[in-house]
Structures are given as structure tokens and as C-alpha cells.
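To keep things clear, I will list the structure first and then write my remarks on it.
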Amino acid sequence: MAINLQKGQRIDLGFTKMTIGLGWDPNEGKGYDFDLDASAIMIDADRKLVNEEYFVFYNNLHSPDGALTHTGDDPSGKNSDGDDDESIIIDLEKVNPNVEEILFVVTIEDFERRKQNFGQVRNSYIRIIDSTSNQEIAKYELDEDFSIETGVEFGRLYKRGGSWKFEASGIGYRADLGFFLEKYYKGQIIK
Numbered sequence: 002m003a004i005n006l007q008k009g010q011r012i013d014l015g016f017t018k019m020t021i022g023l024g025w026d027p028n029e030g031k032g033y034d035f036d037l038d039a040s041a042i043m044i045d046a047d048r049k050l051v052n053e054e055y056f057v058f059y060n061n062l063h064s065p066d067g068a069l070t071h072t073g074d075d076p077s078g079k080n081s082d083g084d085d086d087e088s089i090i091i092d093l094e095k096v097n098p099n100v101e102e103i104l105f106v107v108t109i110e111d112f113e114r115r116k117q118n119f120g121q122v123r124n125s126y127i128r129i130i131d132s133t134s135n136q137e138i139a140k141y142e143l144d145e146d147f148s149i150e151t152g153v154e155f156g157r158l159y160k161r162g163g164s165w166k167f168e169a170s171g172i173g174y175r176a177d178l179g180f181f182l183e184k185y186y187k188g189q190i191i192k
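Read in order, the letters of the sequence shown correspond to residues 2 to 192 in the working numbering.
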């Protein structure tokens, strides 16, 4: 039976091959489709992105170490039929040894022009599936009202004492994907 996580709750992981599934349902109504994008940021001991190739998202589907594979963009959120909207497949045995943390974020594409935020999205979650058994191990449902936020850190995998753990984060920002790149990138960003 899966563990229902609360914000800030942490669990130990006893397996190395998993899928991180992220899902959401936009409120029905008039206007634009909601294009939410899941991303993974592979961070070093200084809490900085290892390098640009370790920012896994819709335009970079694979980490260079082969540990992360993004399954692709769902530009409307309507293709999941109650299942995950976007997924990231992970093999922790392949993770670059410089990576201490993998952060999972979801952002709303073009939120300013479309006048969209997470307050207009329901049933948002992140879940961990053991790829060997295909069983859901844990799920964190975002139950807070993010009425102005446009980017959310859903959760993170982090390494402590040589083993991997997961924490349900649930931290919202009024920000786009570029904000997260700037927050964790240690090089110069060319705009």
C-alpha cells in the first residue's frame, strides 16, 4: 500500500529504479489550455546545478549520465485520463556521483499572457513508482491553495549517508522555468 505523504515528510528509498509521476487537472472553462511542464534539476553539494545538461525538461529529455529520462511534454494536460501527465524515469545507480539532490518542479508555460496560476489547477500530485514491481510507493498531493503561484517545487530525492531519500516539498513561487534555472545554475545564463 502506498504512503500518502504530507508536506515536509521524508521517506527512505530501498530501491534504485523508479518513475516519478506528476499529474494535475486544469479547471475546465474558457480560455487557453494549461501547459504545465515537469522538470528535474540535478544539484551538487553546493546546491547548484551540476551543469546545464543536468537540467532535464521538455527540451532536454535525458541526463548525460543516463540516470534520468523525461517521457515528454503533455502540452494540454488532457492526455492522461486520470494517469500521470508527465513522468521522469530514474535509475539511481547511474546518477553522477557529484549529484546530491534531484529536485522536481512543475511550471506553467506562458502564465502571464494566459493569466494562469496553480489556483486554477486541481488534483496536483507527485508519486514514486518502483519500476521493478510497478507498484506505487508514495504519493504527495498538493492540497494548498497556490492562487498566485506559477511554479512549484513538488519534491526532491536527496542522498544522505550513501542512501537516497525522498521529501515532499510543496513550495510555490510566482515564477517560470527560467527562474529555477537561474536559482540553481552557477554559470552565466545567456538570454
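Positions of the beta carbon are idealized from the N, C-alpha and C atoms, including for glycine.
Do you know offhand how far residue i's Cα is from residue j's?
i: residue 191; j: residue 178; result: Its pLDDT being 47, under 50, residue 191 is placed unreliably by the model, and nothing is read from it.
i: residue 27; j: residue 47; result: 36 Å
i: residue 175; j: residue 93; result: 31 Å
i: residue 37; j: residue 53; result: 21 Å
i: residue 84; j: residue 116; result: 26 Å
i: residue 132; j: residue 33; result: 35 Å
i: residue 4; j: residue 130; result: 11 Å
i: residue 182; j: residue 49; result: 10 Å
i: residue 164; j: residue 64; result: 20 Å
i: residue 25; j: residue 134; result: 24 Å
i: residue 7; j: residue 137; result: 16 Å
i: residue 35; j: residue 14; result: 32 Å
i: residue 139; j: residue 70; result: 20 Å
i: residue 58; j: residue 111; result: 16 Å
i: residue 103; j: residue 97; result: 11 Å
i: residue 17; j: residue 91; result: 8 Å
I need the DSSP call for residue i, collapsed to helix, strand or coil.
i: residue 112; result: helix
i: residue 150; result: coil
i: residue 183; result: helix
i: residue 49; result: coil
i: residue 163; result: coil
i: residue 173; result: strand
i: residue 141; result: strand
i: residue 16; result: coil
i: residue 10; result: coil
i: residue 59; result: coil
i: residue 136; result: strand
i: residue 156; result: strand
i: residue 1; result: Nothing about residue 1 can be read from this structure; the chain reaches only from 2 to 192.
i: residue 94; result: helix
Below 8 Å CB to CB, which residues in the same chain sit around residue i once its five sequence neighbours on both sides are set aside?
i: residue 119; result: 109, 125, 143, 147, 148, 150, 151, 153 and 173
Looking only at its chain, what residues have a beta carbon closer than 7 Å to the beta carbon of residue i, apart from the 5 residues adjacent to it on each side?
i: residue 101; result: 44, 45, 46, 159 and 160
i: residue 156; result: 105, 127, 141, 167, 168, 169 and 170
i: residue 66; result: 95, 96 and 97
Once you ignore the five residues that flank residue i on each side, which residues in its own chain have a CB closer than 6 Å to its CB?
i: residue 121; result: 28
i: residue 10; result: 169
i: residue 88; result: 20, 22 and 72
Looking at the ligand COA, does it come within less than 8 Å of residue i, judged from the CB to the closest heavy atom?
i: residue 13; result: No copy of the ligand COA occurs in the structure displayed, which carries no ligand at all.
*Identify every run of the beta strand (DSSP E) within the segment 18 to 48, keeping only runs that are complete inside it and at least 3 residues long; order them along the chain.*
As far as the segment 18 to 48 is concerned, its whole beta strand (DSSP E) runs of at least 3 residues are 18 to 27 and 37 to 44.
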